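Respectively, the protein sequence lines represent chains A and B. At position 157 of the first sequence the residue is numbered 157 (my numbering), and the sequence of numbers has no breaks. At position 36 of the second sequence the residue is numbered 272 (my numbering), and the sequence of numbers has no breaks. As structure tokens, the structure follows; a few thoughts come after it.
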Amino acid sequence: MIECRQITKIYQSGAGDTAALKDVSFDIKDGEFVAIIGPSGSGKSTLMHILGALDTPTSGQYFLDGRDVSKLSDDELADIRKNKIGFVFQSFNLLPRATVLRNVMLPLVYADVPKEQREAQAKVALKNAGLDGSHFHHLSNQLSGGQMQRVAIARALVNNPSLILADEPTGNLDTKTGEIVLETFRRLNQEHNHTIILITHEHDVAEHADRIIHIRDGHIIADAKNGKRHEIIDKI
Amino acid sequence: MKTIDLFEETSLALLANKARSSLTILGIVIGIGSVTAMIAIGQGAKNNIGSSIQSLGSNLVLVSPGMQRTPGAQVSQRRGSAQTLTKEDADAISQKLSLVKAVAPDLSSRYQVTAKGTNSNTSVVGTTADYPTIRNITMADGNFITDQNVRSLSKIAVLGPTARDDLFGVDSNPIGQSIRIKNIDFKIVGVATAKGGNGFSNQDDMIFVPISTAQQFLAGNDRVSTISVQAIDQASMTQMQQDITDLLLSRHNITNSALADFSTMNQTDIIATASSVTNTFTALLGSVAAISLLVGGIGIMNMMLTTVKERTREIGLRKAIGAKKRDISRQFLIEAIMLTFLGGIFGVILGWLIALIIRQFASIAATVSLSSVILAFGVSAAIGIIFGYYPARSASRLNPIEALRYE
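Next comes the structure, spelled out in structure tokens:
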């Protein structure tokens with residue numbers, strides 16, 4: 001359960017203050033599949049950083065599972081990321097010289113999961129992300145882009161987070177593999193009830209989600225579910 | 237994050253960059269290796285000097301004429317240039333003092349010595365029958381001077397092995413032949429075994445004659461140049477030294493001990509002086525080697541800074557999936573410590589090999605002691621911490637958002 005209350009983020013620089021987010025409020029319920037869409041500079045990356053507990057808002061409140069995350073220290077934020085959030089990045093960010101299994105187990109190392117459990121947990125996550133056992137012991141830099149992104153998804157899943165945040169997950173993939181990755185998210189949402197937030201600037205990517213939040217110049221300008229999504233997409 | 241995971245992450249990171257890791261380790265290996273070897277050589281030299289001083293004799297106090305004792309300079313004054321001690325002083329020490337085990341006066345001077353066409357400038361020591369016991373001299377062939385020889389002013393001589401080699405040829409047996417000192421013939425009755433030289437005088441390049449003969453025919457007076465006094469045990473040495481001083485002061489009618497016309501030297505003092513010289517020498521060698529260790533440490537820091545830069549995105553990712561500052565800084569600190577620690581292990585092995593070679597070829601008893609091994613490990617770990625701290629701290633302070641965007 002995500003509740004954002006009047007979130008404002010102001011970046012200070014020599015040229016003066018710039019507000020990346022202005023008074024943004026919305027809720028996302030457990031099990032939702034949401035796309036946050038907007039052009040570059042709209043504030044969607046800033047929103048993603050705040051939702052991902054990588055950054056805190058200048059003012060306003062962000063409740064994740066009932067806890068106010070907006071005023072926490074660096075180490076407390078690290079704990080939130082460790083236990084509640086799984087990230088999927090545009091450029092995968094896998095450890096290149098480590099095996100697939102090792103990459104997926106990495107979050108469990110920081111979460112102090114006992115060694116014996118890690119491999120089993122990682123294998124389940126890899127299967128759920130749609131990767132079969134023949135790749136588990138390959139080095140991650142021997143995989144194709146689509147496979148790499150599914151390893152990254154498995155890494156995001158492995159610790160059963162409340163929220164999976166995918167930042168332009170198809171940005172480095174061709175259309176076909178991009179579709180496969182998006183189908184994976186869809187399946188994880190439907191079959192395993194994972195809450196997924198997709199950050200993108202492409203409306204055909206956003207179309208895969210059940211709900212679309214359109215953001216521009218730091219404001220939410222539209223927020224629509226299911227059938228009404230097309231009203232947003234048509235406007236873009 | 238568990239410690240075992242930390243070590244696993246670290247080893248994988250180091251193995252991923254084998255060439256760079258091993259070259260960086262090499263810097264530490266050379267540093268630790270040379271420090272270990274230099275300390276081993278210094279210790280060896282110290283032991284060598286110590287044992288050759290011990291070979292002078294044990295529990296020894298040497299009484300020399302006419303020089304004021306000044307601390308730290310006992311070793312090299314003009315012994316024998318003043319003539320204030322007599323054989324009677326030696327006899328008095330032997331008879332009146334209870335802590336004395338044996339006394340041997342000697343009268344030493346350098347003379348040109350000839351034998352059958354060869355000649356050698358060597359030290360001729362006039363002494364008594366007790367001299368070999370006090371000064372640890374053993375006989376290879378024949379006999380030493382006897383009390384009878386001293387009483388009857390016999391013109392006999394005992395050769396040190398070097399003097400024998402110079403005058404009669406290496407390993408010859410000159411017993412029964414004669415040598416000429418100041419135009420007087422001395423019949424050779426014995427040859428001493430070799431003791432090896434030391435920093436002060438070569439105890440093998442000597443010729444021993446009866447002290448009475450030396451006084452009468454060579455020096456022409458009844459003075460002695462040293463009285464060697466052996467104490468009954470090591471604990472009585474200081475007391476005995478005091479007793480000798482008191483006795484000789486009263487015999488020479490001197491009331492103020494600062495004006496004494498003789499000096500006494502305790503063997504322990506000589507060893508202390510020699511040790512301070514070798515300690516300085518060791519410190520000098522060690523500090524030169526320490527500079528190479530410092531350079532090795534800077535190499536570690538350089539590598540760690542490069543690593544942190546290269547792995548910025550990895551650090552960003554680790555932070556995104558829940559690594560705390562502490563986890564990141566520990567990981568990089570342990571990487572640095574592991575490098576220096578491995579360097580320490582190989583460095584100690586290298587130092588030990590150098591010490592072994594020195595011992596084989598340079599006759600210095602260089603040994604790597606346990607304490608220097610522990611010191612080497614301590615220092616290498618400390619270098620890891622010191623030079624790894626800054627790179628580790630900068631890694632831990634990276635902002636995850638910027639680190640993930642880093643190209």
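Backbone N, C-alpha and C define an ideal beta-carbon position, used for all residues, glycine too. On a predicted model such as this, the values are computed, not experimentally measured, just so you know.
For A166/A, no Cβ of chain B is located within less than 9 Å of the residue's own Cβ.
Taken through DSSP and simplified to helix, strand or coil, V104/A comes out as helix. Put simply, the segment 68-76 of chain A does not touch the segment 511-519 of chain B. Fewer than three CB pairs are less than 8 Å apart. Against chain B, the CB of D112/A has a partner CB under 9 Å away; the residue lies at that interface. Restricting attention to G86/A, S91/A, G60/A, the CA atom closest to the CA of L173/A is found in S91/A.
According to the DSSP assignment, Q190/A belongs to no beta strand (DSSP E) but to the alpha helix (DSSP H) extending over 175-192. Collapsing the DSSP output to three states places D441/B in coil. With contacts defined by Cβ atoms closer than 9 Å, T8/A and S59/A form a contacting pair. For A249/B, the uninterrupted alpha helix (DSSP H) segment begins and ends at 239-252.
Less than 9 Å separates the beta-carbon of I199/A from that of K44/A. Around the CB of K418/B, fewer than 16 other CB atoms lie within 10 Å, so the residue is classed as exposed. Around the beta carbon of I534/B, a 10 Å sphere encloses fewer than 16 other beta carbons of the protein chains shown; the residue is thus reported as exposed. In this structure, Y110/A lies near K82/A, with their beta-carbon atoms less than 9 Å apart. With 16 or more other Cβ atoms from the protein chains shown falling within 10 Å of its own Cβ, H214/A counts as buried.
Interface flag for I573/B against chain A is unset, since no Cβ pair is found closer than 9 Å. Taking the C-beta atoms as reference points, A351/B is found no nearer than 9 Å to P341/B. The continuous stretches of beta strand (DSSP E) do not include Q142/A, and DSSP gives it neither H nor E. Neighbours of N93/A in chain B, taken as residues whose beta carbon is under 9 Å from its own, are R549, E550, G552, L553, A556, L640 in chain order.
Exposure of H137/A is indicated by the presence of fewer than 16 other C-beta atoms within 10 angstroms of its C-beta.
Nearest to A430/B by C-alpha distance, out of D440/B, K423/B, F422/B, is D440/B.
Judged by their CB atoms, L298/B and T462/B are nearer to each other than the 9 Å cut-off. The bridge partners DSSP lists for H219/A are R216/A.
Below 8 Å, too few C-beta pairs join the segment 467-474 of chain B and the segment 260-267 of chain B to call them touching: fewer than three. A direct Cα-to-Cα measurement between V339/B and S493/B gives close to 22 Å. Between E245/B and chain A, the shortest Cβ-Cβ separation is below 9 Å. No Cβ-Cβ contact shorter than 9 Å links K29/A with A53/A. About 5 Å separates the Cβ atoms of M442/B and V361/B, confirming a contact at the 8 Å cut-off. Leaving aside the five residues that flank S565/B on each side, the residues in its chain whose CB is nearer than 7 Å to its CB run, in chain order, A628, R629, A631, S632. Taking C-beta atoms as the reference points, V427/B and A376/B count as a pair closer than 9 Å. In the three-state reduction of the DSSP assignment, I534/B falls in the helix class, which pools H, G and I. Residue environment for L530/B: exposed (fewer than 16 other C-beta atoms within 10 angstroms of its C-beta). Cβ proximity to chain B below 9 Å picks out S45, H49, G52, L54, D55, D74 from the segment 45-74 of chain A. Annotation: Cβ neighbours of L106/A in chain B (cutoff 7 Å, chain order): I557. Excluding residues up to 5 positions away in sequence, A152, I153, A156, A166, P169 lie with their Cβ nearer than 6 Å to the Cβ of V88/A in the same chain. It is roughly 31 Å from the alpha-carbon of E546/B to the alpha-carbon of A612/B. For K82/A, at least one C-beta of chain B is nearer than 9 Å to its own C-beta.
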